[in-house]
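The structure appears right after this line, and notes come after that.
There are 2 protein chains.
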Amino acid sequence: MQDDGARPVGAGGTLYRRVAADLREAITAGSYGSGGRLPAEGALAKHYGVSRGTIRQALAVLRSDGLVTSRRGTRRVVLGTARVQSFSELLSFTSWARSVGEEPGGAMESLARRPADERECEQLRLEPGSEVYVTLRLRTLSGRPVMIERTVYPPRVGEVVAQLPADAVSHTELLLEHGIVFSDADHTIDLVHADTDDSRLLGCAAGEALLRERRRSTDPAGVPVELSEDRYLPGTVAFTVHNSLAASALSRRHHPVPEQHPAEQHAADRRIPEQHAADQQAPGAAEG
Amino acid sequence: MQDDGARPVGAGGTLYRRVAADLREAITAGSYGSGGRLPAEGALAKHYGVSRGTIRQALAVLRSDGLVTSRRGTRRVVLGTARVQSFSELLSFTSWARSVGEEPGGAMESLARRPADERECEQLRLEPGSEVYVTLRLRTLSGRPVMIERTVYPPRVGEVVAQLPADAVSHTELLLEHGIVFSDADHTIDLVHADTDDSRLLGCAAGEALLRERRRSTDPAGVPVELSEDRYLPGTVAFTVHNSLAASALSRRHHPVPEQHPAEQHAADRRIPEQHAADQQAPGAAEG
DNA sequence: GGGGTCGAGTTGTACAGCCAACCCATGCAC
DNA sequence: GTGCATGGGTTGGCTGTACAACTCGACCCC
């Protein structure tokens with residue numbers, strides 16, 4: 001319809017994505033205010049010259065990002081004007097570091113090949129007895145140690161990782177160039193106490209509390225590509241998430257979670273001072 | 289078509305929701321295996337006797353829950369058979385505790401009314417100088433102290449909270465009975481050290497690390513209903529989230545919370561030419 | 001002023017169809 | 001065997017239509 005410069009420019013692939021990007025820009029710029037109402041679907045459809053279905057697809061993206069509400073009978077309302085980070089900024093330390101204006105670094109401390117244990121076979125969907133590649137890396141922000149990353153790769157991926165230079169900053173990006181794509185990930189966030197490796201590399205006291213993120217990532221075909229455990233120094237990161245009645249992805253888990261009844265081991269582990277130390281050099285990931 | 293008992297029964301509201309529930313049940317029961325392929329959309333449509341569009345809506349739900357992949361050219365693949373918890377199990381301590389088979393408890397330690405500070409006014413979208421209700425509660429799991437909850441309510445909600453008995457277990461459920469619905473929430477997870485209140489109530493050492501979740505919740509109309517900060521003893525909970533290239537909600541934040549630039553209103557002319565020009569006030573971003 | 005009714009406006013649900021893009025197994029050429 | 005082309009199967013994207021369910025302000029009655 002009207003070609004007055006409000007066209008879904010951007011050349012970003014599909015129609016609904018361009019519309020979504022355009023609306024997101026307007027929202028984060030504050031054009032509708034916080035708590036303000038968006039135009040009706042019909043009005044947007046006419047404005048962009050597309051069908052209402054396409055507009056609805058675009059708005060579904062914004063809703064799932066937590067930018068707008070959505071309910072029957074009334075126009076959509078702007079929930080917040082916060083910038084929403086992309087999938088890669090969550091998955092890749094490098095990509096995230098750059099997005100906050102810091103210079104990411106990574107130093108490979110060790111790389112080994114060994115037989116996978118039972119849990120790793122299940123999580124990475126490998127035959128029992130398969131080998132895996134295990135890495136330990138120190139990640140830095142503008143030279144400052146910030147995080148310890150322990151990753152387990154299946155052979156297909158590990159063989160590529162083993163070829164990378166020891167000071168490679170972004171494994172994710174380099175793997176992408178080898179055709180290994182990260183598409184989905186499950187994350188589990190909790191608190192853990194520093195073991196001797198942690199304290200040595202991060203320069204903190206042994207037993208000091210760290211923020212832990214365990215992750216299991218898959219490629220677009222649903223094939224697992226990594227199992228990772230990241231431990232952050234306190235005060236360096238916070239994880240944020242939006243959820244809603246419409247579509248929720250986050251959940252809270254009881255900690256003594258896998259197997260056994262929750263009734264068993266209460267008082268025993270309530271106040272773990274600095275155990276957890278040597279119990280796993282293998283990253284545990286979400287869900288068992 | 290065939291009425292052979294594979295009909296989307298369940299009486300759970302809309303068609304696509306019933307289909308989604310039916311498929312979810314089949315997946316978590318392992319009917320397709322982990323890594324197995326789902327039937328084609330067309331086959332499912334014929335099976336359930338609905339249109340392909342409805343099937344796609346149902347599958348979109350499962351995809352956003354992280355149960356299945358989705359890409360052009362090939363059938364959907366089962367990602368995992370993990371149970372996905374509901375929105376309320378994340379939002380409400382009580383609802384979560386019950387879902388893991390423990391008995392939740394809550395004891396109001398203090399309730400006060402005081403003027404809101406600047407940040408609270410912005411976050412709760414209140415006029416400067418408005419009053420807020422502030423609560424401090426100790427939450428328990430089967431009698432064991434687990435979490436400290438500090439919540440700030442706007443007057444509309446606080447007036448109701450102030451009427452609740454001091455030993456009420458679930459504020460969320462009681463508020464629901466008063467017509468106050470929680471629909472969307474932003475969560476930020478990081479690590480914090482126990483202050484004197486924390487150590488006294490939780491029975492831990494002062495300065496011990498706790499897992500912190502800060503939350504801002506809104507009702508279906510996008511109006512803020514609470515601002516909360518929960519501090520968990522280590523080893524009691526873990527937060528899990530799924531994200532994907534398709535739709536991501538989680539992100540990672542640099543901690544020295546970049547005190548954001550006051551959003552400039554330049555782009556106000558990006559607005560779609562529409563009515564309602566006078567209804568926006570606070571351009572303040574929704575950040576916590 | 002208080003309270004209820006009504007209706008225009010808006011989003012949700014469901015249907016149908018068409019084509020493009022893509023994956024992958026098959027089979028053929030070399 | 002290896003590599004490449006082909007083609008069927010499958011999902012993604014977009015359009016159009018129709019109706020249901022819901023919100024909310026305007027309006028009327030008392």
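Taken in order, these protein sequences are the chains called E and L.
First residue of the first sequence: 1, per the numbering used here; consecutive thereafter.
First residue of the second sequence: 289, per the numbering used here; consecutive thereafter.
Backbone N, C-alpha and C fix where the C-beta goes; we use that ideal spot for every residue, glycine too.
What is the DSSP secondary structure of V161/E, reduced to helix, strand or coil? For the purposes of this step, residue 161/E is identified with residue 161 of the first sequence, where counting begins at 1. Helix.
Cα-Cα separation between T484/L and G431/L, rounded to whole angstroms: Here residue 484/L refers to the residue found at position 196 of the second sequence. Here residue 431/L refers to the residue found at position 143 of the second sequence. Approximately 21 angstroms between the Cα atoms of the pair.
Determine whether the beta carbon atoms of P104/E and L126/E lie at a separation below 7 angstroms. Stepping through the first sequence from its first residue, residue 104/E is reached at position 104. Stepping through the first sequence from its first residue, residue 126/E is reached at position 126. No, Cβ-Cβ distance for P104/E and L126/E is not below 7 angstroms.
Would you say R214/E touches the ligand GTP, meaning its beta carbon is less than 6 angstroms from a heavy atom? Within the structure as shown, the ligand GTP is missing, as the structure has no ligands at all.
Taking the alpha carbon of R215/E as the point to measure from, which residue in T506/L, R504/L, F527/L, H466/L has its own alpha carbon closest? On the first sequence, position 215 is the one that residue 215/E refers to. Per the Cα distances, F527/L.
What distance in whole Å lies between the Cβ atoms of R325/L and V388/L, which are believed to be in contact at a cut-off of 8 angstroms? Locating residue 388/L in the second sequence gives position 100, counting from the first residue. Locating residue 325/L in the second sequence gives position 37, counting from the first residue. About 32 angstroms; that fails the 8 angstroms criterion.
Where does I315/L fall in DSSP's three states? As a position in the second sequence, residue 315/L is number 27, starting the count at 1. Of the three classes helix, strand and coil, the one that applies to I315/L here is helix, per DSSP.
Find the nearest neighbour of G354/L within the set F381/L, A370/L, R306/L, S487/L, judged by alpha-carbon distance. Numbered from its first residue, the second sequence carries residue 354/L at position 66. Ranking the options by Cα distance to G354/L, first place goes to A370/L.
Alpha carbon to alpha carbon, how far is L23/E from Q345/L? Give it in angstroms, no decimals. Residue numbering aside, residue 345/L sits at position 57 when the second sequence is read from its first letter. Residue numbering aside, residue 23/E sits at position 23 when the first sequence is read from its first letter. Whole-angstrom Cα-Cα distance: 23 angstroms.
If you reduce the DSSP assignment to three classes, tell me which class L350/L lands in. Here the question's residue 350/L lines up with position 62 in the second sequence. If DSSP states are grouped into helix, strand and coil, L350/L belongs with the helices.
Does any CB atom of chain L fall closer than 7 angstroms to the CB of Y16/E? Reading the first sequence from its first residue, position 16 is the one you call residue 16/E. False, the Cβ-Cβ gap to chain L never drops below 7 angstroms.
Over the uninterrupted beta strand (DSSP E) stretch that includes G106/E, give me the two end residues. Here residue 106/E is taken as the residue at index 106 of the first sequence, counted from 1. Run containing G106/E: 104-115, per the beta strand (DSSP E) assignment.
Proximity of E109/E and L138/E at Cβ, strictly below 7 angstroms: For the purposes of this step, residue 109/E is taken as the residue at position 109 of the first sequence. For the purposes of this step, residue 138/E is taken as the residue at position 138 of the first sequence. A contact, by the Cβ cut-off of 7 angstroms.
Measure the alpha-carbon distance for Y421/L versus V525/L and round it to whole angstroms. Position 133 of the second sequence holds residue 421/L. Position 237 of the second sequence holds residue 525/L. Those two C-alpha atoms are separated by around 27 angstroms.
With 7 angstroms as the C-beta to C-beta threshold (strictly closer), list the residues of the region 454-468 of chain L near chain E in chain order. none
Any C-beta of chain E under 7 angstroms from that of H312/L: Taking the second sequence and counting its residues from 1, one reaches residue 312/L at position 24. The amino acid occupying residue 312/L in the given sequence is Arg; His does not appear at that position. Not one chain E Cβ lies under 7 angstroms of R312/L.
Starting from R503/L, trace the beta strand (DSSP E) in both directions and tell me its first and last residue. Along the second sequence, one-based indexing puts residue 503/L at 215. That run of the beta strand (DSSP E) goes 497-506.
Taking I55/E as the reference, give the member of G35/E, L90/E, A29/E, T14/E with the closest Cα. Reading the first sequence from its first residue, position 55 is the one you call residue 55/E. Ranking the options by Cα distance to I55/E, first place goes to T14/E.
What would DSSP say about H178/E, mapped onto helix, strand or coil? If you number the first sequence from 1, residue 178/E lands on position 178. H178/E falls in the coil class under three-state DSSP.
If distances are taken between C-alpha atoms only, which option among A328/L, L332/L, L379/L comes closest to R360/L? In the second sequence, counting from the first residue as 1, residue 360/L sits at position 72. Nearest C-alpha to R360/L: A328/L.
Can the beta-carbon of S505/L be found less than 7 angstroms from the beta-carbon of F470/L? Residue numbering aside, residue 505/L sits at position 217 when the second sequence is read from its first letter. Residue numbering aside, residue 470/L sits at position 182 when the second sequence is read from its first letter. Yes; because the gap between Cβ atoms is below 7 angstroms, this pair is in contact.
Verify the CB distance criterion: does P234/E have a CB-CB separation below 7 angstroms to chain L? Here residue 234/E refers to the residue found at position 234 when the first sequence is read from its first residue. Closer than 7 angstroms to some Cβ of chain L, the Cβ of P234/E qualifies, so yes.
Just checking: is the beta-carbon of R215/E within a distance shorter than 7 angstroms of some beta-carbon in chain L? In the first sequence, the residue the question calls residue 215/E occupies position 215. With 7 angstroms as the cut-off, R215/E does not count as an interface residue toward chain L.
Applying the criterion that 16 or more other CB atoms from any shown protein chain within 10 Å of the CB defines a buried residue, is T476/L buried or exposed? One-based indexing of the second sequence puts residue 476/L at position 188. T476/L comes out buried.
D280/L: first and last residue of the uninterrupted beta strand (DSSP E) it sits in: Absent from the structure is residue 280/L, since the part of chain L shown begins at 289 and ends at 576.
What is the rounded straight-line gap between the Cα of Y336/L and the Cα of G106/E? Mapped onto the second sequence, residue 336/L falls at position 48. Mapped onto the first sequence, residue 106/E falls at position 106. Going by the C-alpha atoms only, they are around 51 angstroms apart.
Is there at least one Cβ from chain L nearer than 7 angstroms to L250/E's Cβ? Residue mapping note: residue 250/E aligns to position 250 of the first sequence, counting from 1. Because L250/E sits at a pLDDT of 42, beneath the cut-off of 50, its placement in the model cannot be relied upon, and the following sentence gives the value as read from the coordinates. With 7 angstroms as the cut-off, L250/E counts as an interface residue toward chain L.
N- and C-terminal bounds of the alpha helix (DSSP H) containing E149/E: Counted from its first residue, the first sequence places residue 149/E at position 149. Element bounds for E149/E: not the alpha helix (DSSP H) but the beta strand (DSSP E), 144-153.
Among A185/E, V68/E, C204/E, A206/E, whose alpha-carbon lies nearest the alpha-carbon of V356/L? On the second sequence, residue 356/L is found 68 positions in, with the first residue counted as 1. Of the listed residues, the one whose Cα sits closest to V356/L is A185/E.
Of the residues T316/L, S532/L, I436/L, the one placed nearest A482/L, counting alpha carbons only: Residue numbering aside, residue 482/L sits at position 194 when the second sequence is read from its first letter. The option with the nearest alpha carbon to A482/L is I436/L.
Please list, in chain order, all residues of the same chain as E447/L whose beta carbon is under 8 angstroms from its beta carbon, the five residues on each side excluded. Taking the first residue of the second sequence as position 1, residue 447/L is located at position 159. Y421, listed in sequence order.
Residues bridged to R427/L [DSSP beta-bridge criterion]: For the purposes of this step, residue 427/L is taken as residue 139 along the second sequence, with counting starting at 1. Looking at the DSSP assignment, R427/L forms a beta bridge with G394/L, M435/L.
Are T423/L and L462/L close, meaning C-beta to C-beta below 7 angstroms? If you number the second sequence from 1, residue 423/L lands on position 135. If you number the second sequence from 1, residue 462/L lands on position 174. No, they are not a contact pair.
Is there a Cβ from chain L that is less than 7 angstroms from the Cβ of V77/E? In the first sequence, residue 77/E corresponds to position 77, counting from 1. Yes, V77/E counts as interfacial toward chain L.
Determine whether the beta carbon atoms of R172/E and E226/E lie at a separation below 7 angstroms. Against the first sequence, residue 172/E aligns to sequence position 172. Against the first sequence, residue 226/E aligns to sequence position 226. Just to set this straight, residue 172/E is Thr in the shown sequence, not Arg. Not a contact, by the Cβ cut-off of 7 angstroms.
Taking 8 angstroms as the limit between beta carbons, can you name the residues of its chain near Y32/E, skipping five residues before and five after? Your numbering for residue 32/E matches position 32 in the first sequence. Contacts found: A26, L38, V78.
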